[in-house]
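The structure under discussion appears below in the form of structure tokens.
There are 6 protein chains.
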Amino acid sequence: MAKQLMDLVENEDFEMFVMLKKAEKRVAKNGKQFLAMTFQDKSGEINGMYWDASDEDVAKFTAGTIVHLTGKRESYLNSPQIKIVSMNLPNNDQHLVREDFVQAAPMKEDDMKAEIDKIVFSITNATYSRIVRFLLQKHGEAFFEFPAAKSNHHDFEGGLAFHTISIVRLAEHIVDQYSGIDAPLLYAGAVLHDLGKTIELSGPIGTTYTLAGNLLGHLSIIDAEIVEAADSLGIAQDSEDLLLLRHMVLSHHGLKEYGSPERPQLLEAEILHDLDELDASIMMMKRAIGQTKPGEFSDKIFGLDNRRFTAQQKRNNLDI
Amino acid sequence: MAKQLMDLVENEDFEMFVMLKKAEKRVAKNGKQFLAMTFQDKSGEINGMYWDASDEDVAKFTAGTIVHLTGKRESYLNSPQIKIVSMNLPNNDQHLVREDFVQAAPMKEDDMKAEIDKIVFSITNATYSRIVRFLLQKHGEAFFEFPAAKSNHHDFEGGLAFHTISIVRLAEHIVDQYSGIDAPLLYAGAVLHDLGKTIELSGPIGTTYTLAGNLLGHLSIIDAEIVEAADSLGIAQDSEDLLLLRHMVLSHHGLKEYGSPERPQLLEAEILHDLDELDASIMMMKRAIGQTKPGEFSDKIFGLDNRRFTAQQKRNNLDI
Amino acid sequence: MAKQLMDLVENEDFEMFVMLKKAEKRVAKNGKQFLAMTFQDKSGEINGMYWDASDEDVAKFTAGTIVHLTGKRESYLNSPQIKIVSMNLPNNDQHLVREDFVQAAPMKEDDMKAEIDKIVFSITNATYSRIVRFLLQKHGEAFFEFPAAKSNHHDFEGGLAFHTISIVRLAEHIVDQYSGIDAPLLYAGAVLHDLGKTIELSGPIGTTYTLAGNLLGHLSIIDAEIVEAADSLGIAQDSEDLLLLRHMVLSHHGLKEYGSPERPQLLEAEILHDLDELDASIMMMKRAIGQTKPGEFSDKIFGLDNRRFTAQQKRNNLDI
Amino acid sequence: MAKQLMDLVENEDFEMFVMLKKAEKRVAKNGKQFLAMTFQDKSGEINGMYWDASDEDVAKFTAGTIVHLTGKRESYLNSPQIKIVSMNLPNNDQHLVREDFVQAAPMKEDDMKAEIDKIVFSITNATYSRIVRFLLQKHGEAFFEFPAAKSNHHDFEGGLAFHTISIVRLAEHIVDQYSGIDAPLLYAGAVLHDLGKTIELSGPIGTTYTLAGNLLGHLSIIDAEIVEAADSLGIAQDSEDLLLLRHMVLSHHGLKEYGSPERPQLLEAEILHDLDELDASIMMMKRAIGQTKPGEFSDKIFGLDNRRFTAQQKRNNLDI
Amino acid sequence: MAKQLMDLVENEDFEMFVMLKKAEKRVAKNGKQFLAMTFQDKSGEINGMYWDASDEDVAKFTAGTIVHLTGKRESYLNSPQIKIVSMNLPNNDQHLVREDFVQAAPMKEDDMKAEIDKIVFSITNATYSRIVRFLLQKHGEAFFEFPAAKSNHHDFEGGLAFHTISIVRLAEHIVDQYSGIDAPLLYAGAVLHDLGKTIELSGPIGTTYTLAGNLLGHLSIIDAEIVEAADSLGIAQDSEDLLLLRHMVLSHHGLKEYGSPERPQLLEAEILHDLDELDASIMMMKRAIGQTKPGEFSDKIFGLDNRRFTAQQKRNNLDI
Amino acid sequence: MAKQLMDLVENEDFEMFVMLKKAEKRVAKNGKQFLAMTFQDKSGEINGMYWDASDEDVAKFTAGTIVHLTGKRESYLNSPQIKIVSMNLPNNDQHLVREDFVQAAPMKEDDMKAEIDKIVFSITNATYSRIVRFLLQKHGEAFFEFPAAKSNHHDFEGGLAFHTISIVRLAEHIVDQYSGIDAPLLYAGAVLHDLGKTIELSGPIGTTYTLAGNLLGHLSIIDAEIVEAADSLGIAQDSEDLLLLRHMVLSHHGLKEYGSPERPQLLEAEILHDLDELDASIMMMKRAIGQTKPGEFSDKIFGLDNRRFTAQQKRNNLDI
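Chains as they are written, first to last, in full-length UniProt numbering: chain C, 1 to 320; chain Y, 1 to 320; chain B, 1 to 320; chain E, 1 to 320; chain D, 1 to 320; chain Z, 1 to 320.
Structure follows, in structure tokens:
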């Protein structure tokens, strides 16, 4: 397999195909324009500056473009950086496809669909089951494509479904280990809890917040979707089942400060919140440690209170 | 007019008709049962203990009953208290009606309805106007009967509508004084902001939280009501007008800590929040000062960070 | 099986044997002495007042005594309470043993020992394994008898080992589900994390904090134990393994505010903290819901930020 | 009317007269000196860099200078920026006056004086009235010239008086809408509440904090002024009126964290605080939205907890 | 010397003369009135209940009265309590004086005056010196009689001066140990910092907050006193010396949350704040430990974040 | 004595020998490499940029090198900065030694050792005395060389011992002024409290945190050292003396948020914490004021909640 961005070591000269994740025109202190770029392939991403960019360059090198890059892997303020030697569009006969350069969930979409199907099958309560099926039907396409976040964790194609599956697996173990948990409610809440992100976020590429995302947040978005689904399915708005399911999604951020209008008041709601945090934390820590040299400390992780993490010196690199 | 509860001075002997707001059976340290009571008339309420209550007494003296009370107005831990001399049910020929003993908003229901009608008329945006009319139609009866809260402020019959009207009046002044405010949005938000309380609370008497109130809160409740109303009226869920209106009600508690899933991000949403707090504060302070002797400090007000308030010594008593 | 305390319904008359968990002499407002008691059997505990206690009664009815109790199960301020009709010491020919009245972990001690042995066996790192074995050898007896806390959660005989086993089970699942976790470090940390409680607390009965517990806390206590163990075993104090293991136990409260001198900086340390909280939360919620009538809200749970919890109306009672 | 700074659209070439609000000498990464400038006219202000500034340029282009500017309106990090083509001092025969380039309150000074006179006239309590008149007499000139702040809100000439008038208008409406408010106390507090800023701040141009401002703050400054005024006017220091008025100004920041040594304990003090915040919030939001393209979100507003604000897409630009 | 209250051991029968510090009429659950009392002598104070008090008793046993008390020293909820056997007024021929029963500073007033004189003498800056002398002249009598607080620490006769002297002694040591400190400023600030308490509090007996105390606080009170003193002495209000001295007293609570409108911005102001806290902490801890049995933990100390303190088992009792 | 860095005034041309404290290679916006440098001598330190550095320069000018510097003292963003004219290595015949360029404690090491000896001599409790002597023996060399911190305060050679001595001096005064303090415990805690920094930090030059420092913190480090010392000395781990001494060091950060696993619960522990903060504050303030022009405000001090400090205009510069 060809060498990729994350394989480069400090001061290594290279040439390879990469995709431009970001290409922002800026003006240098000396008045000349340049492009602040992020290069990306499946292995990860690195920044670089394209100095003295002509207007033609600016038009040619936009986000999403695949380029042939010759350069050197250096460091700037302790972060890796590419010093660009030359950068060109590929020839027409070089058949390069976006899918080869984009980071994605470590499961195939079909496998994710199968696993979600399996868990839905185990939701034995009719109200929960019908609403979950209705909403997966309605938003299913986006559900398997979207990231789980704009950044921080699971911010890659399919990340939303992959994060959901991770939580479901944890939930299944909890149901096995502890008695007295309402499994259908927990599974239904787990599947739906972040589904509002398909409306909150713009999509898998160049992810931004939509107006609805900014003004309502994905908790109120999915809550309203559940309410509408119930109307469509003829489920009474004051049925206890419906109130409990709405509470599951509204409370899953755990704290009001984090945007939940009510804190968890059900055993299953508290567990859903805890598992959501646990999976997100593990993903953030694994990524941070994976990008850190053995024996050193990672950058500060915003989503974990700006802590730095380390690992044993003899540890191998981590997969996602 | 006959003497009322709030007219009594310390150590005054009296007899009068009052309503029992609360009558809880408890067991004294000596093992005998007694009734912890709250007596109520239009002027306010005072607690008292009915010692050595027989089972018959417990059955007879329940919340909502009107009684003839003979007693003395004393103090216990700096709070007024009634020492009960005797307490009897009224004779059959004494025609006493509940309405004469219950605290209510200082406006007649018809006047409140007229003022709400007037403000709805001035909501010139079609989306806002149709949704407001739809929801007032659906919940109008409760809207004019319910209190605005279980306790703290506007916790009396009609308090919800009266509080809404106070905010609307403030909003009208703000629209007059400052340019550039979207008046229809502000008015629509003001009318709807607390309407979810008709589902969150159980009703005007012996007010408690419903299951929906506990698990969802009145912000998510009214948000869902708006979403359903839009469906009924054929208004698209992704129309900008609808998103803004939903944001108005969801954000009106101002802080996430207070249950708003998003903080205000519209000029009108911030103003609505500010006016909501202003009106509630004024009501709480006026009540506290009204129950305090000139020159002294009130009890701690829970809803105002446990502050005590005072007033000039020469100040007259305050109306609601 | 004979009826137990938790089987009684409101206003039910009963007679049964119970153990006195607490028996405090107090003076009533009328100047007479009484005993504030907590009755206990394996099903749970209920309070009651023994009025007009003679000096002889005070001497006779002390904590730990088993009594024959005749009474009625009533309520006081929404909590169950026993109205005592009569209370006597058992006859000499009634062979009642403490073990039949004391709440304990829902696993037999031998089963817990076997499960701990199994996990220790899977700690393949020599440093961790030797230290864990050394300290289990040193504190093993207390480890399987002590509660995990003075109150709140796992506050019963064997609770410390049972809580530890629950966390280990969760940890094993996490190691299965996610790649890149240092399993021996996580398991060693899980087994040792609360072992300092055998020095922090006085024992399984009438549990209080020792002077060492008050002045040092169980985190610094177990940290020092690890340091001493390493000295005994000839493990260098500056070995990376030792530093990581000490960090696991010192950081497991997650936040400095909760007594960890350092926050978790290892993937495994953060996971240990999260699983510790998850297991404790589930235990507290299950207990609270188990003591609550279907459809109602539990008392406020101190260890969960004073939240109240509820469950579906149709839910069955929960086991521990 | 000639085109002004805020009329320029992105990439528009222009020439116009502007005033230099700021002109700071700095050294570029390449070692050459440049001037970091803020250009200003009545419409607003934009930054720009004057590269390779000679010592002569540095001496010539100082804050307060009016210049003839040729340039292009560009963007830098999402903020508007001027690319300077040339910059010259005006000819001697071009009669340009400072007043034409400086942002000021949207009321004429005479109108503001008349409105303040009117409200002072309505302060019917002799103590309040005499102190207010005394202090307006003493600090009146600065009161009508100073800004209300160094930045954030009302940070323009006459802003202090204009902000005061806005609060007085709100206060008058509150007195109309609610019974039981001590209007003279509220009005006197409103007029005086920020008058200490005439000593806390250096003046309307290049506003900085004075030593008294830094060490005492404007609350203690105006408090001391009131105390001295009372001495001059023969008002007893322990008169209730005086204590209440001092409390009004000392408590008007509402929270101790915001510098009020005591929180509001009078109905009127709490209202003054609320209206002060309301007017400042509205001003900050209107400015932020006015500088934001329809449909986008503003920069973070420091004075509003770093929130971003937006407005309806169809909204017109807002005046101050 | 006769036995005093603090000499009594649990269950000891006694008779002695004590003073009533508090005697509050209350009504028991059985409807009878009783007196909640606090007995006091120089050694300390203990509570007790006087049951079934007649109206005559209520009139006779008021705060400040000296009585002959026969009783038993018991415990209630872990606090010492007196069970009253009999209580009578002393005979006319028993010459008992208030001074023998009241706790006071452990220095004679004359000695405190001499020590304050000495420190004032060492304030070599004319501005500071003149203001300090002026204000000690004006408030000197109260300064040497008042407590330093209503409760918590130095809440005894002469406590204000004694606390001031303690801080001055610490300050002198700091000036000796560290170079570069403006000693006259530090000493002047130390002497004046709490002098406003002579206006904030009502006096040495039955200490309450005055209206000025509640509405202004002692920081703004002494600040205004300094301003008036400067006027009387012809010192310019904008002199740097005066601003620094005002800053010393205004900032001495250290944090805005604790009522300082500005935080310390002078070396001397920060030191004054630190020494003030240090002396108060030591006094609170010494009192708490002095009232605790060796080897046990004290009650929670409100002024020290509700911490409990302990001491070595072999420690002797502590003097003030 | 030759002119030093801190003697230079703005725009002064100079040549002198200095040491390079920092020399970091960076890349300028124009793509050329430069060295970001900090120059140091005994008087203090100033930054400067060495533009267009060749690879040879980068190799030659590393941290710790002494150079002959010709330049001009300028300002950049209100901070002093050196404009470099030329920079060369000294000739071989110029005998320059590191000690002449490094900031160190203002006491000679021998004097510090003598003063520590004296205080150890006064620790009359055998347990404390033996442990203190044992640990000073073990870590004494580092104790007298290390700084007390990586930055903030006492961050110079010998700073750890000097800071310890300052606290001991304060403690001695406290013992003199207040009765009832366990002096040996306080002195032992004072000597040991920061000794763990000899393991937490890497050393006096280019100080960084060690792995043990990051993962354990110096509180747990010294706690473990005490435990091991007790083992070596045959002192029982459960002796009260040992628990108290461990509590002294573990609690000396005062708040859990600052890394103390337990807050102070002994009079002596609280005093130690207070004196530690007091000495650190004074050092930080003196340094900040010493680097600030009379009449101006210092930079924000991180360790003092980002406050700025000022001093009287007529104040002289401060020594350390």
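For each residue, glycine too, the CB sits at the ideal point set by N, CA and C.
{"Query": "8 Å Cβ cutoff, L318/E in contact with chain Y", "Result": "The predicted position of L318/E is uncertain, since its pLDDT is 40 and thus under 50; a value taken from the coordinates is nonetheless stated next. Yes, because at least one Cβ of chain Y sits closer than 8 Å to the Cβ of L318/E."}
{"Query": "is_contact[P261/B, chain Z] using C-beta, thresh 8 Å", "Result": "yes"}
{"Query": "Supposed close pair L135/C, E225/C - CB separation, criterion 8 Å", "Result": "6 Å"}
{"Query": "Extent of the continuous alpha helix (DSSP H) run through L244/Z", "Result": "240 to 250"}
{"Query": "Contact the stretch 124 to 133 of chain Y vs the stretch 141 to 148 of chain Y: 3+ CB pairs below 8 Å", "Result": "no"}
{"Query": "Three CB pairs or more closer than 8 Å across the stretch 173 to 190 of chain C and the stretch 267 to 276 of chain C", "Result": "yes"}
{"Query": "According to DSSP, residues forming a beta bridge with F14/B", "Result": "G71/B"}
{"Query": "CB contact flag (E228/Y, A212/Y, <8 Å)", "Result": "no"}
{"Query": "Beta-carbon neighbours of H252/D, restricted to chain E and to distances below 7 Å", "Result": "Within chain E, no residue comes near H252/D; the closest Cβ sits about 12 Å away, beyond 7 Å."}
{"Query": "Residue span of the beta strand (DSSP E) that contains residue 324/Y, given as start and end", "Result": "The requested residue 324/Y is not part of the displayed model; chain Y covers only 1 to 320."}
{"Query": "Cβ pair count under 8 Å reaching 3, the stretch 47 to 67 of chain B against the stretch 104 to 116 of chain D", "Result": "no"}
{"Query": "Contact list for I289/E against chain Y, beta-carbon separation under 7 Å", "Result": "L267"}
{"Query": "CB-CB length for Q40/C against M19/C, believed under 8 Å", "Result": "5 Å"}
{"Query": "Proximity of L69/C and I46/C at Cβ, strictly below 8 Å", "Result": "no"}
{"Query": "DSSP state of Y178/C mapped onto helix, strand, coil", "Result": "coil"}
{"Query": "CB contact below 8 Å: E200/Y versus chain C", "Result": "no"}
{"Query": "G44/Y vs M37/Y beta-carbon contact at 8 Å", "Result": "no"}
{"Query": "Beta-carbon proximity check, residue 328/B vs G303/Z, cutoff 8 Å", "Result": "The structure shown has nothing for residue 328/B, since chain B only spans 1 to 320."}
{"Query": "Contacts of Y76/B in chain Y (Cβ-Cβ under 8 Å)", "Result": "R26, V27"}
{"Query": "Where L20/E falls: helix, strand or coil (DSSP)", "Result": "strand"}
{"Query": "8 Å Cβ cutoff, K197/C in contact with chain Y", "Result": "no"}
{"Query": "Within chain C, partners of N214/Y - CB distance below 7 Å", "Result": "Q265"}
{"Query": "Proximity test, Cβ basis, 8 Å: N306/B and chain D", "Result": "no"}
{"Query": "Q81/B, enclosing beta strand (DSSP E) - first and last residue", "Result": "79 to 88"}
{"Query": "Exposed unless 16 or more other CB atoms sit within 10 angstroms - verdict on K197/C", "Result": "buried"}
{"Query": "Any C-beta of chain Z under 8 Å from that of F309/C", "Result": "no"}
{"Query": "Which of helix, strand or coil DSSP assigns to I221/C", "Result": "helix"}
{"Query": "8 Å Cβ cutoff, E141/Y in contact with chain E", "Result": "no"}
{"Query": "Where A149/Z falls: helix, strand or coil (DSSP)", "Result": "coil"}
{"Query": "Local Cβ density within 10 Å of H95/Z, reported as buried at 16 or more and exposed below that", "Result": "exposed"}
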